[in-house]
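Data block below; observations after.
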Amino acid sequence: MTLTAEANHATASDRIVFDGIGKHYTRDGDHLQVLDDCSFTVEPGEFVSVIGPSGCGKTTLLNMAAGFTSPDDGSVRVGSAVVDGPHPSRGVVFQQYAIFGWLTVAKNIEYGLTLRANRRPKAERKDVVQRYLDLMGLERFASAYPKELSGGMRQRVAIARAYATDPRVLLMDEPFAALDAQTRERMQELLHETQLSERRTALFITHSVEEAIFLSNRVVVLSARPTDVREVVDVAIPAPRSAETRLSPQFVELRRHLEELLRSESVERVR
Ligand SMILES: Nc1ncnc2c1ncn2[C@@H]1O[C@H](COP(=O)(O)OP(=O)(O)OP(=O)(O)O)[C@@H](O)[C@H]1O
Ligand SMILES: [Mg+2]
1 MTLTAEANHA TASDRIVFDG IGKHYTRDGD HLQVLDDCSF TVEPGEFVSV
51 IGPSGCGKTT LLNMAAGFTS PDDGSVRVGS AVVDGPHPSR GVVFQQYAIF
101 GWLTVAKNIE YGLTLRANRR PKAERKDVVQ RYLDLMGLER FASAYPKELS
151 GGMRQRVAIA RAYATDPRVL LMDEPFAALD AQTRERMQEL LHETQLSERR
201 TALFITHSVE EAIFLSNRVV VLSARPTDVR EVVDVAIPAP RSAETRLSPQ
251 FVELRRHLEE LLRSESVERV R
């Protein structure tokens, strides 16, 4: 099996297009051009990671796709519609654990399905919750509260909750950044397995080159500010991927190439 977008339930209306994006901020009278003519596409059912120097505008791009921020130039489209605000068809997972402390794990996963935009009958909600408790290895913690969970488990709840509403696209901003190395690898494997069975259109932001390669069909490398796309790298490594995949010559070569690209961007930025 290859990690391609073919065998999935995504349709053309799930394509994410960043088209000529420009964005600046003004602070204390200073003009900061963050993004400048930045364009790339996430095809339906594809998992695309975005890497780039700190402060280059990754979160800003994700926030535009989520509808939390708008571009000054260009547009973000999902399918044929220009994104002009948040919508339940786009699930977001943040870097910080954004789950409700007063709800149990099961209720957190169910939450989106109880809102008007995504409301499902009770029996169906129960099935969905069970499915994601299983997928994320949280069966024994259905009735636990977030404070009783480790960081990795909380992030699994956040991911389960995002998937549970059956969003057209998933937007994830460094969801594993706060985790230790072992937990992080395990989480990558879980997310990879989930992606293989669910085939969502996914945009994933990370600082980790290894994480980007392991999870993705393609990796978008952003330049330093003012930011555009430096290179888009295909990850033609067959799926399912495992711990051994990380040691394969193909993986190691891709990692070397991406690290080199990032290094050259950081050097240019310091100059
Ligand atoms: N609301 C805002 N007002 C002013 N400046 C902002 C605002 N949001 C972001 N910026 C600036 O825009 C730039 C890009 O920010 P952004 O958070 O998108 O970067 P990033 O690539 O996600 O960085 P990191 O890798 O550190 O998470 C930064 O220089 C930041 O200071
Ligand atoms: Mg960020």
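Numbering (the UniProt record's numbering), first residue to last: 1 to 271. Beta carbons: idealized from backbone N, C-alpha and C, even for Gly. All values reported here derive from a predicted model rather than from experimental measurement.
Residue burial classification, residue i (beta-carbon count within 10 angstroms, cutoff 16)
i: F100; result: exposed
i: K147; result: exposed
i: D14; result: buried
i: P240; result: exposed
i: V169; result: buried
i: L115; result: exposed
i: D30; result: exposed
i: V235; result: buried
i: D84; result: exposed
i: G10; result: Strictly speaking, residue 10 in this sequence is Ala, with Gly absent from that position. Counting Cβ neighbours within 10 Å, A10 comes out buried, since at least 16 surround it.
i: V270; result: A caution first: V270 carries a pLDDT of 48, below 50, which makes its placement in the model unreliable, though a value can still be read off. Flag for V270 reads exposed.
i: T194; result: buried
i: A162; result: buried
i: R27; result: exposed
i: D127; result: exposed
i: R225; result: buried
Cβ-based neighbour list, residue i, same chain, cut-off 8 Å, excluding 5 preceding and 5 following
i: L149; result: V105, F141 and V157
i: L179; result: G151, G152, Q155 and M187
i: W102; result: Y145
i: P167; result: P88, S89, R90, G91 and R200
i: Q250; result: A236 and I237
i: R119; result: L113
i: A12; result: P44 and G79
i: M57; result: Looking at the sequence shown, residue 57 is not Met but Gly. Correct list, in chain order: K23, V34, L35, C38, L222, R225 and T227.
i: F94; result: A158, D173 and P175
Own chain residues within Cβ distance below 6 Å of residue i, not counting five before or after
i: S223; result: R230 and E265
i: E110; result: R125 and V129
i: T4; result: Residue confidence is low: T4 scores 47 on pLDDT, short of 50, so the model does not pin down where it sits. Its coordinate-derived value is still stated next. Same-chain partners within the cutoff: there are none.
i: T183; result: G152
i: L133; result: E139 and A142
i: residue 273; result: A question about residue 273 goes unanswered here, because the residues of the chain that appear run from 1 up to 271.
i: M64; result: P71 and V76
For residue j and residue i, believed in contact at Cβ under 8 Å, the rounded distance
i: L258; j: V221; result: 7 Å
i: C38; j: T227; result: 6 Å
i: L262; j: P121; result: Actually they do not touch by this definition, with Cβ atoms about 48 Å apart.
i: I213; j: L191; result: The pair is not a contact, with the Cβ atoms about 13 Å apart (cut-off 8 Å).
Beta-carbon proximity list for residue i, same chain, < 7 Å, skipping 5 on both sides
i: A66; result: P86, R90, V92 and L171
i: H24; result: H31, L32, Q33, V34 and D72
i: R246; result: E210 and F214
i: M136; result: R156, I159, A160 and L190
i: A98; result: A158
i: N108; result: I99, F100, V157 and R161
Residue i: CB within 7 Å of a non-hydrogen atom of ligand 3
i: D173; result: You won't find ligand 3 in this model; what it holds is ligand 1 and ligand 2.
Problem set entry | Contact the segment 61–78 vs the segment 15–27: 3+ CB pairs below 8 Å | yes
Exercise. Is the segment 40–50 touching the segment 84–100 in the sense that three or more CB pairs, one from each, lie closer than 8 Å?
Worked result: no
For this session: Just jot down, in chain order, the residues whose CB lies closer than 5 Å to any heavy atom of ligand 1.
Result: Y25, V34, S54, G55, C56, G57, K58, T59 and T60
Problem set entry | At least 3 beta-carbon pairs within less than 8 Å: the segment 59–74 vs the segment 236–253 | no
Problem set entry | Segment contact flag, the segment 167–184 with the segment 201–208, C-beta cutoff 8 Å, min 3 pairs | yes
Exercise. Any contact of the segment 212–220 with the segment 44–54, i.e. 3+ C-beta pairs under 8 Å?
Worked result: yes
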